[in-house]
Every structure is written in structure tokens, then in C-alpha cells.
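Engineer:
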Amino acid sequence: MPTLPVFMYHHVNPNKGDMITVAPEVFEAQMRHVKEAGFRTLSLDEVAAFIRGEFKPKERCVAVTFDDGYLDNYVHAWPILKRYGIKAAVFIVTDWASKATASGPPQDLALIKCPSHQGAKELIAGGQWNKAVLTWAMAREMRESGLVEFQSHTATHCLCDAIPFDMLSLELRSSKQTIENELGTPCSHLCWPKGRHSKKAVEMAREAGYSGLFTTRFGTVRPGDGLREIKRIPAKDGVAWFKTRLMIYTNPVLAGVYARIKR
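The opening position of the sequence shown corresponds to residue 107 in the numbering used here, with each subsequent residue numbered one higher.
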């Protein structure tokens, strides 16, 4: 049975050694390998079709996802995705993007120094949204290429297993509606912030119109897995690591053995 790795990124910027961050030169080498090794990158609808057994590609496949919608996704990752024709999905926090849009983009993107993860958190907490996260104009530019899609990461990056149900319903529905209004494309996939969710949250997400629910749970995707808890692989800041894991995770036998070891 074929296996599909869905890689999870957050930041792509030059802050070496920072948490959940991949350096631009490393990310470029990773994406160049995907292209040169003949892998096909999938949209999230294609991932869902693969899980349902409706999509059976002949090529080895991989999916690339980003969580949160940080500014460096546009400044550093986006040019690399364009260069190699890589499809990717950004799970965007819609209130953050709307507030960054209202603040206006940074004056000169060519000179901007994207913050560290902690720095981004502090800028967001301090209301300096446009210095930490991308705007809707940036998202539209990325989306119009046909390479990058935007899906929900809730409205405020809430903990979906810890807030009242009426608030969770608003988070899920408003995020979906905002993406569809701003970008003119369907929003049918959701990624739980920090992987936090409950059985009731899953039910509410399906009721809100989400078909694919992505997690931070480690593992590869196989046909028949179901769409309620889609596993992903956290990306690391290493080229050799990426090449090795891509080889392992697209080999059904090796992927199964490695998953048991990692468990």
C-alpha cells in the first residue's frame, strides 16, 4: 500500500538554530531535491482523494504544509516554491492576516529581517501584526500562482479542546468564511493549532464544512486512513535528513518499520 509524507513547516528564515525554523538555503535544497528526484507535490484535495483511494498516482508523492502564515513564508519560502514549481498549503490564522492587512505591509520587503519564532510571538502580542505575519494581498499573490493554497488554522490560533463550544463554532466558521471571501477559493481543510482538539471539536469541524482535519501527530498517510486525523512529519533544518526521510516515508515497508520505531 503506498505511503504519503505530509511535511509540516512553520518558519523559513535565516535565524539559524531557532525552533521550528528551516534556513532558506536548506529549504531550497530540500525543494530542489523534491523537483530533481521526480516527486509530485500534492494539493490538500489530492491528499484527501489519496486517503479515500480515489487518487492513485504513478509517481512518488509528497505534500508540503506551513502552519500559521508567518511573513517569512512569503519573503523566503514563496520565491523558492515558485522557482521549483512546488505546490504547498498554508494553514493561516485569519484574524492575524486581517490585522496585518489593516496595519499595512512592511515598507521594504527586500530589506526586512524576519523575526525569530519568539520574536514573532512578541510582535503579535504587541499588535505589530504586519512585522510577523503575511497579509491577504500576499496570500492572493501566492494563491493566484496556482501553487499555494490557504486553508484554516482557526481565526485566532485558539486551543480547540479548551474553549467553550460556542466560541469554537465561531472560530471554525469565521475562519473558513474569511478565507473564502478574501481569496475566492473553497476552504475545506483545517489544521488544529498545536494539534489540540477533542472528539467534539472534530464533530463541530465536520459540521462547519471541513472535510480534511490535519494534526501534529507523527506519521505518514495511507489510503483508508480516514480524514479526521491526518498525520504529518515535522520538517527539520537539514538537507541529508530530508532526503533520507523522503526516501523512507515514500517506501511502504520502510515507512511502516520506521513508524513503529518512532512510536
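For each residue, glycine too, the CB sits at the ideal point set by N, CA and C.
1) Might you give, ordered along the chain, the residues of its own chain that have their beta carbon closer than 8 Å to the beta carbon of Arg146, omitting 5 neighbours on each side?
2) Could you have a look at Phe133 and say whether DSSP puts it in helix, strand or coil?
3) Is the beta carbon of His117 less than 7 Å from the beta carbon of Tyr176?
4) Below 8 Å, how does it come out for the segment 224–239 and the segment 128–141: are there three or more Cβ pairs, yes or no?
5) Using the C-alpha atoms, what's the distance from Val170 back to Leu253?
6) Between the Cα of Thr260 and the Cα atoms of Gly210, Ser204, Gly232, Ser222, which residue gives the shortest distance?
7) To test your reading of the DSSP string, which unbroken beta strand (DSSP E) runs of 3 or more residues are found completely within the segment 137–209?
8) Might you give, ordered along the chain, the residues of its own chain that have their beta carbon closer than 6 Å to the beta carbon of Ile218, omitting 5 neighbours on each side?
9) The alpha helix (DSSP H) that contains Leu276, what's its start and end?
10) Please report how far the alpha carbon of Asn179 lies from the alpha carbon of Pro358, in whole angstroms.
11) Which residues mark the beginning and the end of the beta strand (DSSP E) in which Val254 is found?
12) Measure the Cβ-Cβ separation of Gly344 and Leu150 and say whether it is below 7 Å.
13) Rounded to whole angstroms, what is the Cα-Cα separation between Thr109 and Gly330?
14) Can you name the start and end residues of the alpha helix (DSSP H) that Gly225 belongs to?
Structural biologist: A quick look at the data gives this:
1) Pro163, Glu165, Arg166, Cys167, Val168
2) helix
3) yes
4) no
5) 11 Å
6) Ser204
7) 167–174, 194–198
8) Pro212
9) 271–289
10) 31 Å
11) 254–258
12) Going by C-beta atoms, Gly344 is not nearer than 7 Å to Leu150.
13) 11 Å
14) Segment 223–231, the alpha helix (DSSP H) holding Gly225.
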